[in-house]
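Below is one structure, written out as structure tokens; comments come after it.
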């Protein structure tokens, strides 16, 4: 089984390409991105963009210095774990309700 972060990189880059976008991410960036998501879940603000705000009352240096807001939002948009083109149809005997997150479930086992 391929390491989880490598799978996320491969599938996210593929998904972006399928949507005529260039993501070109790597393992180091995905690790930083996931760390940011964990931190954002703990230190919640009403809007994701507020972490990069110029207002010092809401600005969050730990998040903002990791990557620019546009890059963060692009990663958020194209984050993928499995290729949608390979997803079994609902009427298939191989249909899996958890297909899109199956790689993380398999990794956790």
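Residue numbers (full-length UniProt numbering): 1 to 109.
Think of the CB as a built atom: it goes at the ideal place given N, C-alpha and C, for glycine as much as any other residue.
When 55, 50, 85 and 92 are compared, the shortest CA-CA separation from residue 72 is found for 50.
DSSP places residue 21 outside both helix and strand once states are collapsed to three, so it counts as coil.
For residue 5 and residue 27, the gap between their C-alpha atoms comes out near 6 Å. Assignment of beta strand (DSSP E) within the region 24-79, counting only whole runs of 3 or more residues, yields no such run. The continuous alpha helix (DSSP H) containing residue 102 extends over residues 102-108. Counting of Cβ neighbours within 10 angstroms places residue 33 among the buried residues, the total reaching 16 or more. In the displayed model, residue 87 falls within coil according to three-state DSSP, outside both helix and strand. Taking residue 11 as the centre and dropping the five residues before and after it, the same chain places the C-beta of 80, 81, 82 and 83 closer than 7 Å to its C-beta, in chain order. Cβ atoms of residue 7 and residue 103 come within 8 Å of each other, at about 5 Å.
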